[in-house]
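One structure is given here, and the rest of the page talks about it.
Residue numbers (the working numbering), protein chains in the order written: chain A, 82 to 392; chain B, 254 to 564; chain C, 134 to 566.
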């Protein structure tokens, strides 16, 4: 697909989000969360290019969300909180990354899982600081010093999330096309060959890992400001699994996939929960199975097929 | 140091007794997971669900047997029966209709198929057995307690915990080791674990081995659940908790290693119970600390072998 | 079934068809609706569904009873249940959907304290009356004040203080206590309340061990061994659900109940499942004064009717969440009646309905509950000692004491822990029991 078609489809998706949000007020919240998750999933996508699955990226989402929750009472502005959340997650990503990029495949996945579970356990354990499972309430942030009413606040966050999503998607597209990005695919197929060419696979993977942590950090900051309450559940292993789930649902072939996947995931969950409160997990599981078994490329792959047929 | 042992030696002894029983349960779940991973190269996230279903089935059968007026000692063979039923039905069904379709796929897709299965089984289990905690402790009560001397005092332990759990784990370990080393089928399984391509090239019917191994692994998961059921109440979500711990054991052990799983389970079980006595706050972190520590020194786990890199 | 489909259609229509909806909710006097929609937030997945599902069961039964009797003010009621099991983030989305899309008239939310703390401010912002029907955290009205939120039962402070008073009265020479609680907010909070109260009422009691096994543990053997070795006089545990069942069964088998007296403020909800594994002589409670063998209920026929209907329909004894659900629904009916009276029969707006809850008095199944100015409900607490009953397959209570709520609830405007510190040994003399 050429970049013009992709940009057109992205614009279409953005417009659809705005249209749905303006006609249905309660969706503003759901869509903001979906876009925020999409940004984290985009980071997962980068690692997937290298054939590595992190089953612990909720660590960075939760770390940033808690950073925002702790700092919000002091620095209550979204323009400060967002970059700080992303930066903190990025620094943690660098530290964790230095350790985990030495491992591949299942060990990479499991180590990420283990470290995220350590953080999750600490959030529960350090009750006097984190309030345990009750979680911490996040005061409403200001935007460039201005306090907004509920309606304005929700919209400001949705638009911020949308802008960040577009920014990250464009960045990811350039990154994947760059020599660094190309080297990522090298890790998946022929890592040793990469080393013969004098490229350090670890450094390539580390850079992608830190970027993915920053993206997860943005996501976590947005989630904290949107839901305005953070709990350790943000960092549980099933939350990490959900991110990988969305990546596959959306399709790993393009940078729009994560957002498509995240929006569909959230909507399916909400509608399934509304209709079958007892069995929404089952429904999500079946959807995932059907996508993997019958639509390998995910939703984005389906879109590509449709476009290909028309062209 | 000597002084510390004089003060705490008795307590340490108790901690070892507790840790042994706990390690036995952990081993029972993890060894099946590890075996399946070694042969199929699929990390089965739904392993925890099979554990839960095994437990529920055992509790239901136990209650049924008691209602029919069968003698109390029957509670023990019922546990084994439950494992055979669950392994024998769920194992082939899942392998034949789900996993067989995805053997040639990327690891991440395989992982997600089992993640989807996990979500589905969590709800299925809830729809079948409801949400009320289920408990059938006839096996534990029938065996009674054993008084362990503790200074001038005695501490009652259940015989089930003291003898049955470690005993079954030991039999499983020795039996598996014998089976894998001394029987033809066992050796074939080892061959597939070590080098799948070479094994199939030599004419081994991988399909049959996969089916056999997965069924066996599912049976072990169910047996783990069944063994846990006399002492623990079964509740929704019990599978998810079990899962994370097994992941840690598998990664610590080295993939596909039976003896490794035993040693990792022992380290984690003893580490945890010692922590409960002397550093309770660190209890939840113990499995992860052990895992990260082991992987720092031995990147492929305790008994893992480095795979030849593809060039 | 019909209602489910039409609801789904409505969702689809608004979600994808793009029906234009006014962004802000109207404040004008509304017309009499065709039905009263109640959004019920409860736990339907995960371990705490042991409380959530009985709560939903009770709601379904009671709503049917209301509709059979002609509804509220002639208007039928309908419940829309949502699951808070997946976590706060999901629940917050569901609250918005209930209010902005389903247009519910009232929210009953929720079981988990985390959900309550997160959702109540949202309901307040959306200006939708919300009844906190089961969550226990005392933080909610102590850290903020609300116009639209009300709790139709007690909170953690009286729920822990009552068993503490009961224990201290029966153990005048108490020397040592151990705690084994689930490692999460309720487990930690309830121990802090107990410890603070105990230090104030009976200074000098030694804490033999503080054990906080991982939340959702399935094995307490190690903890039980420690407790057996330490031999504390009293063991306090506010665990619940599967974990409490497991603990009781493992502890009973290893004769822990012979060495220590256990104080289990939530054990009523496990009685039917653990049966006689729980021996006589231990102190239990039910997060309120609800108990199917309440010694002197305000209206014995009503309590008996509820228990019998529930048992007939769900084949289980009603446990405390069903009582809490009854209380929330009773408060709702009483508030609607009060609001309709104030408006002279015109249908009340959200704000008018919310005002009706201020200072509301309503019937529970066993007594009468009052909502204080800060929104907190004043509910008595019943504590008793386990005893074998002749005809039931599980223990019941004797030596029951009912604690009046005014005595054991932290006064309006005071934080529980600060208030507990001001208690003196003399307080114990004034308490009943």
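The beta-carbon is built from N, C-alpha and C at its ideal position, and this holds for glycine as well.
Within chain C, partners of residue i - CB distance below 7 angstroms
i                      : result
residue 223 of chain A : Per Cβ cutoff of 7 angstroms: no residues; residue 223 of chain A is ~16 angstroms from chain C at best.
residue 231 of chain A : 258
residue 215 of chain A : 246, 247, 250, 270 and 318
Pair within 8 angstroms by beta-carbon distance, residue i and residue j
i                      : j                      : result
residue 127 of chain A : residue 289 of chain A : yes
residue 195 of chain C : residue 556 of chain C : no
residue 278 of chain B : residue 487 of chain B : no
residue 336 of chain A : residue 250 of chain A : yes
residue 252 of chain B : residue 504 of chain B : Summary: the structure shown does not reach residue 252 of chain B, with chain B confined to residues 254 through 564, and so no result is reported for it.
residue 463 of chain C : residue 326 of chain C : no
residue 369 of chain B : residue 366 of chain A : yes
residue 388 of chain B : residue 406 of chain C : yes
residue 222 of chain A : residue 299 of chain A : no
residue 145 of chain A : residue 301 of chain A : yes
residue 225 of chain A : residue 319 of chain A : no
residue 410 of chain C : residue 377 of chain C : no
residue 330 of chain C : residue 307 of chain C : no
residue 552 of chain B : residue 186 of chain A : no
Contact set between residue i and chain B, taken where Cβ atoms lie within less than 7 angstroms
i                      : result
residue 180 of chain C : 488, 489 and 490
Cα-Cα separation between residue i and residue j, rounded to whole angstroms
i                      : j                      : result
residue 321 of chain A : residue 327 of chain A : 10 angstroms
residue 533 of chain C : residue 398 of chain C : 13 angstroms
residue 191 of chain C : residue 198 of chain C : 11 angstroms
residue 331 of chain B : residue 315 of chain B : 6 angstroms
residue 543 of chain B : residue 415 of chain B : 25 angstroms
residue 167 of chain A : residue 315 of chain A : 16 angstroms
residue 299 of chain B : residue 367 of chain B : 5 angstroms
residue 469 of chain C : residue 356 of chain A : 28 angstroms
residue 358 of chain B : residue 372 of chain A : 13 angstroms
residue 389 of chain A : residue 205 of chain A : 49 angstroms
residue 374 of chain A : residue 139 of chain A : 26 angstroms
residue 364 of chain A : residue 558 of chain C : 57 angstroms
residue 349 of chain C : residue 474 of chain C : 48 angstroms
residue 325 of chain A : residue 465 of chain B : 29 angstroms
residue 170 of chain A : residue 241 of chain A : 19 angstroms
residue 180 of chain A : residue 522 of chain B : 26 angstroms
Sequence-distant residues of its chain with Cβ nearer than 8 angstroms to residue i (five each side left out)
i                      : result
residue 459 of chain B : 445, 449, 452 and 453
residue 287 of chain B : 502, 503, 506, 508, 509, 510, 511, 513 and 514
residue 111 of chain A : 347, 348 and 351
residue 466 of chain C : 199, 205 and 495
Same chain, Cβ closer than 6 angstroms to residue i, neighbours up to 5 away in sequence not counted
i                      : result
residue 135 of chain A : 128 and 193
residue 274 of chain C : 507, 508 and 509
residue 535 of chain B : 528
residue 454 of chain C : 184, 187, 188 and 267
residue 130 of chain A : 265 and 266
Anticipated Cβ contact below 8 angstroms, residue i with residue j, distance rounded
i                      : j                      : result
residue 149 of chain A : residue 162 of chain A : 5 angstroms
residue 224 of chain C : residue 250 of chain C : The pair is not a contact, with the Cβ atoms about 11 angstroms apart (cut-off 8 angstroms).
residue 119 of chain A : residue 246 of chain A : 6 angstroms
residue 271 of chain B : residue 355 of chain C : 4 angstroms
residue 457 of chain B : residue 292 of chain B : Wrong, their Cβ atoms sit about 11 angstroms apart, outside the cutoff.
Where residue i meets chain B, residues with beta-carbon distance less than 8 angstroms
i                      : result
residue 231 of chain C : The contacting residues do not exist; residue 231 of chain C stays about 22 angstroms from chain B at best.
residue 129 of chain A : 361
residue 356 of chain C : 529
Partner residues on chain A for residue i, Cβ-Cβ distance less than 8 angstroms
i                      : result
residue 377 of chain B : 363
residue 420 of chain C : Here the premise fails: no neighbours, minimum Cβ distance about 17 angstroms.
Proximal residues of chain A, C-beta to C-beta of residue i below 9 angstroms
i                      : result
residue 360 of chain B : 132, 134, 186, 187 and 190
Neighbourhood of residue i by C-beta, 7 angstroms cutoff - its chain only, sequence neighbours within 5 removed
i                      : result
residue 204 of chain C : 210
residue 493 of chain B : 301
Closer than 9 angstroms at the beta carbon, the chain C residues around residue i
i                      : result
residue 409 of chain B : 361, 386, 387, 388 and 389
residue 314 of chain A : 219, 220, 221, 222 and 247
Partner residues on chain B for residue i, Cβ-Cβ distance less than 9 angstroms
i                      : result
residue 344 of chain C : 529 and 533
Neighbouring residues, chain F, relative to residue i (Cβ below 7 angstroms)
i                      : result
residue 374 of chain C : Looking at the structure shown, chain F is missing, and the protein chains on hand are A, B and C.
Closer than 8 angstroms at the beta carbon, the chain C residues around residue i
i                      : result
residue 275 of chain B : 352, 354 and 355
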